[in-house]
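Chemist: Counting the sequence shown from 1 gives a position; the numbering used here is that position plus 2.
This is the structure I want to talk about, given as structure tokens.
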Amino acid sequence: MTPVGSSSQWIERDAAVVWHGFTQMATFESNAPLIVERAEGRELIDVNGRHYLDAISSLWVTTLGHRVPELDDAIIQQLARGAHSTLLGNGNTIVIELSEALARVVPVDAPHFLYASDGASAVEQALKIAFQYWVNRGESGHTTFLAFGGAYHGDTIGALSLGDDGFGADVFAPLRFPVLRAPAFDAPDCFDTAIRMIDAHAHEIAAVVIEPSVQAAAGMQLADPDGLARLGAACTANGTLLMCDEIATGFGRTGTLFACEQAGIRPDLMCLGKGLTAGYLPMSVTVASGPVFDAFLGDDLGARTLYHGHSYGGNALAAAVALRHLELIEAWDVLANVRERSDELAGLLHDRIASKPAVRDVRLRGLMGGVELAPPSDGLRWGRKVSAASVERGVLLRPIGDTVVLMPPLTITSPELHQIVHTLAESIDEVCEAGGNGA
Ligand SMILES: *Cc1c(COP(=O)(O)O)cnc(C)c1O
Numbered sequence: 003m004t005p006v007g008s009s010s011q012w013i014e015r016d017a018a019v020v021w022h023g024f025t026q027m028a029t030f031e032s033n034a035p036l037i038v039e040r041a042e043g044r045e046l047i048d049v050n051g052r053h054y055l056d057a058i059s060s061l062w063v064t065t066l067g068h069r070v071p072e073l074d075d076a077i078i079q080q081l082a083r084g085a086h087s088t089l090l091g092n093g094n095t096i097v098i099e100l101s102e103a104l105a106r107v108v109p110v111d112a113p114h115f116l117y118a119s120d121g122a123s124a125v126e127q128a129l130k131i132a133f134q135y136w137v138n139r140g141e142s143g144h145t146t147f148l149a150f151g152g153a154y155h156g157d158t159i160g161a162l163s164l165g166d167d168g169f170g171a172d173v174f175a176p177l178r179f180p181v182l183r184a185p186a187f188d189a190p191d192c193f194d195t196a197i198r199m200i201d202a203h204a205h206e207i208a209a210v211v212i213e214p215s216v217q218a219a220a221g222m223q224l225a226d227p228d229g230l231a232r233l234g235a236a237c238t239a240n241g242t243l244l245m246c247d248e249i250a251t252g253f254g255r256t257g258t259l260f261a262c263e264q265a266g267i268r269p270d271l272m273c274l275g276k277g278l279t280a281g282y283l284p285m286s287v288t289v290a291s292g293p294v295f296d297a298f299l300g301d302d303l304g305a306r307t308l309y310h311g312h313s314y315g316g317n318a319l320a321a322a323v324a325l326r327h328l329e330l331i332e333a334w335d336v337l338a339n340v341r342e343r344s345d346e347l348a349g350l351l352h353d354r355i356a357s358k359p360a361v362r363d364v365r366l367r368g369l370m371g372g373v374e375l376a377p378p379s380d381g382l383r384w385g386r387k388v389s390a391a392s393v394e395r396g397v398l399l400r401p402i403g404d405t406v407v408l409m410p411p412l413t414i415t416s417p418e419l420h421q422i423v424h425t426l427a428e429s430i431d432e433v434c435e436a437g438g439n440g441a
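The following block contains the structure:
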């Protein structure tokens, strides 16, 4: 159906009834929001019929593109068998099949899968599992977590507590529980300090929580793989649970199926979300290792049970598309494309972007990229203006502060990468080199 009405009418109707996340609604209408009418391949198409290259993968979730016939078909076939049945106390064949397929590829020993819908919920589940694990083992005092500077684990209160200040978390300070805070990834002694903290506090830590390889929401901060490997070894040596949040990095984003693989670490708990269903449906999962799972075994209705579960956990439609997604990643050799395009993108950013005076730093791992701008003073909103200039040119970008995020679908092509970098270069020139204030 062709939408009736101009984009301004849709924006007005939107603002009258919709509340957008991470968005100041008083200025929503004046920030030229895109109202999507449909999506196709790696493009979004707005109510005026304009096409935009989805260079942020619909906030980091889309992996193979939009309207992939095989993925559409997986949902249609499952629909004929039922959209949803509860996983509380009962099972569903498609969820069993998905879990078996995930068990073959996740870097977790003897894995068990507890499903939820959003990434933050997978993190909350992992927090509660880590905490109760120690209670169930009769080892008291493991009541805190060690998390990193710059961390982001989602927006629910537990996840906000693990996350660092900023991202709008500060206002909730009275509600956030305290954690042990290791330095940020860009501190030279980040992992040495974290390891010393683990050695000193192992008796009170329920779990060490980390975004392996890349802190995405921190503006693509990269971890040193050797430091990560040593962190994993320190957890093992101290008998401390390691919880890896691969919600952003999972399913091929960094060039391997999971980022943990590059550091050779095998977490006790792992959180997956975002790309799990290729960006089609909300589904997340907490993966627990065999030893963690076993600590919850006991009497029926007994105290060792994990009393936690979400209504839509293990939704059958989501499971069907997640399973087909895993098959396609392999069949299409998607990881090879991620690695080739990542190398190509590194070259393009080096040639066209990194040397600009307005650019402070360029960070890239796999197809997770950040171009950090260097505004001469605060309040110039360069990140937002450069992104807006790119959207004007048909490439959908969205910044985190003054870092412009490049997070294209994993099936991105070489010409599309050229289009993204060319557009970004033009946008930076337009905004940042027009007298410094981009006005
Ligand atoms: C996006 C994200 C989350 C939160 O996931 P939601 O689905 O938005 O709740 C948690 N951790 C990381 C690393 C993320 O990137």
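Just so you know, even glycine gets a beta-carbon here, dropped at the ideal spot from N, CA and C.
All figures in this text were calculated on a predicted structure; none of them were measured in a lab.
Taking C-alpha atoms, which residue in R383, A76, G403, L129 lies nearest to Y309?
Modeler: By 1-based counting over the sequence shown, the position of residue 309 is 307. The candidate whose alpha carbon is nearest that of Y309 is L129.
Chemist: Please report the distance separating the alpha-carbon of G266 from that of D194.
Modeler: Within the sequence shown, numbered from 1, the residue matching residue 266 stands at position 264. Within the sequence shown, numbered from 1, the residue matching residue 194 stands at position 192. If you take the alpha carbons of G266 and D194, they lie about 18 Å apart.
Chemist: Give the range of the beta strand (DSSP E) segment to which R400 is assigned.
Modeler: Taking the sequence shown and counting its residues from 1, one reaches residue 400 at position 398. Its beta strand (DSSP E) spans residues 400-402.
Chemist: I'd like the list of long-range same chain contacts for A82, defined as Cβ closer than 7 Å, with 5 residues on each side in sequence excluded.
Modeler: As a working note, residue 82 is residue 80 in the sequence shown. Contacts found: none.
Chemist: From the DSSP output, which residues share a beta bridge with S119?
Modeler: Counting from 1 along the sequence shown, the entry for residue 119 is found at position 117. Its beta-bridge partners do not exist; DSSP assigns none.
Chemist: CA-CA distance, A171 and L162?
Modeler: Along the sequence shown, read from residue 1 onward, the residue named residue 171 stands at position 169. Along the sequence shown, read from residue 1 onward, the residue named residue 162 stands at position 160. Their backbone Cα atoms lie some 6 Å apart in a straight line.
Chemist: Considering only the beta carbon of each residue, do I200 and A236 sit closer than 9 Å?
Modeler: Counting from one through the sequence shown, the residue named residue 200 turns up at place 198. Counting from one through the sequence shown, the residue named residue 236 turns up at place 234. The answer is yes: Cβ separation under 9 Å.
Chemist: So what does DSSP say about D302, is it helix, strand or coil?
Modeler: The residue given as residue 302 occupies position 300 in the sequence shown. Of the three classes helix, strand and coil, the one that applies to D302 here is coil, per DSSP.
Chemist: Under 9 Å, do L177 and I159 count as touching if we go by C-beta distance?
Modeler: Counting from 1 along the sequence shown, the entry for residue 177 is found at position 175. Counting from 1 along the sequence shown, the entry for residue 159 is found at position 157. A contact, by the Cβ cut-off of 9 Å.
Chemist: Within the region 12-90, note down every full beta strand (DSSP E) run reaching 3 residues or more, in order along the chain.
Modeler: Qualifying beta strand (DSSP E) stretches, in chain order: 38-42, 45-48, 53-56.
Chemist: Whole angstroms is fine: what's the gap from H53's alpha carbon to E45's?
Modeler: Taking the first residue of the sequence shown as position 1, residue 53 is located at position 51. Taking the first residue of the sequence shown as position 1, residue 45 is located at position 43. Looking at the two C-alpha atoms, the distance is approximately 6 Å.
Chemist: In or out: H22 buried (at least 16 other Cβ within 10 Å) or exposed?
Modeler: Taking the first residue of the sequence shown as 1, we reach residue 22 at position 20. Exposed, because fewer than 16 other Cβ atoms sit within 10 Å of the Cβ of H22.
Chemist: Indicate, with yes or no, if ligand 1 has a heavy atom lying under 8 Å from the CB of S163.
Modeler: Mapped onto the sequence shown, residue 163 falls at position 161. The answer is no for S163.
Chemist: Between V287, P190, H205, which has its C-alpha nearest L1's C-alpha?
Modeler: Since the displayed the chain opens at 3 and closes at 441, residue 1 lies outside it and no answer follows.
Chemist: Output the distance between the C-alpha atoms of L274 and A250, rounded to the nearest integer angstrom.
Modeler: In the sequence shown, the residue the question calls residue 274 occupies position 272. In the sequence shown, the residue the question calls residue 250 occupies position 248. Going by the C-alpha atoms only, they are around 8 Å apart.
Chemist: Contact criterion: CB-CB distance below 9 Å. Does F298 meet it with respect to chain B?
Modeler: In summary, chain B is missing from the structure at hand, where a single protein chain is found.
Chemist: Measure the alpha-carbon distance for A324 versus E332 and round it to whole angstroms.
Modeler: Start at 1 with the first residue of the sequence shown, and residue 324 comes out as number 322. Start at 1 with the first residue of the sequence shown, and residue 332 comes out as number 330. In a straight line, the C-alpha of A324 is about 13 Å away from that of E332.
Chemist: How many angstroms separate the CA atom of V373 from the CA atom of N138?
Modeler: The sequence position of residue 373 within the sequence shown is 371, counting from 1. The sequence position of residue 138 within the sequence shown is 136, counting from 1. In a straight line, the C-alpha of V373 is about 46 Å away from that of N138.
Chemist: For R15, is the classification buried or exposed, using 16 other Cβ atoms within 10 angstroms of its Cβ as the cut-off for buried?
Modeler: Start at 1 with the first residue of the sequence shown, and residue 15 comes out as number 13. So R15 ends up on the exposed side.
Chemist: DSSP has F150 in a bridge; who is on the other side?
Modeler: Within the sequence shown, numbered from 1, the residue matching residue 150 stands at position 148. Answer is A184, bridged to F150.
Chemist: CA-CA distance, A261 and L224?
Modeler: On the sequence shown, position 259 is the one that residue 261 refers to. On the sequence shown, position 222 is the one that residue 224 refers to. Each residue's Cα considered, the two are about 11 Å apart.
Chemist: Sorted by chain position, which residues of the same chain lie with C-beta nearer than 7 Å to G121's C-beta, five sequence neighbours on each side aside?
Modeler: In the sequence shown, residue 121 corresponds to position 119, counting from 1. The residues are G156, I249, C273, G275, K276, S286.
Chemist: Could you check what DSSP says for I159 in three-state terms: helix, strand or coil?
Modeler: Here residue 159 refers to the residue found at position 157 when the sequence shown is read from its first residue. It is helical.
Chemist: In whole angstroms, give me the CA-to-CA distance for L100 and A85.
Modeler: Mapped onto the sequence shown, residue 100 falls at position 98. Mapped onto the sequence shown, residue 85 falls at position 83. C-alpha separation (whole angstroms): 15 Å.
Chemist: I need the straight-line Cα distance from L243 to G300, nearest angstrom please.
Modeler: Locating residue 243 in the sequence shown gives position 241, where the first residue counts as 1. Locating residue 300 in the sequence shown gives position 298, where the first residue counts as 1. For L243 and G300, the distance between alpha carbons rounds to 21 Å.
Chemist: Pick helix, strand or coil for A220, following the three-state DSSP scheme.
Modeler: Position 218 of the sequence shown, counted from the start, is the residue given in the question as residue 220. Coil, per DSSP.
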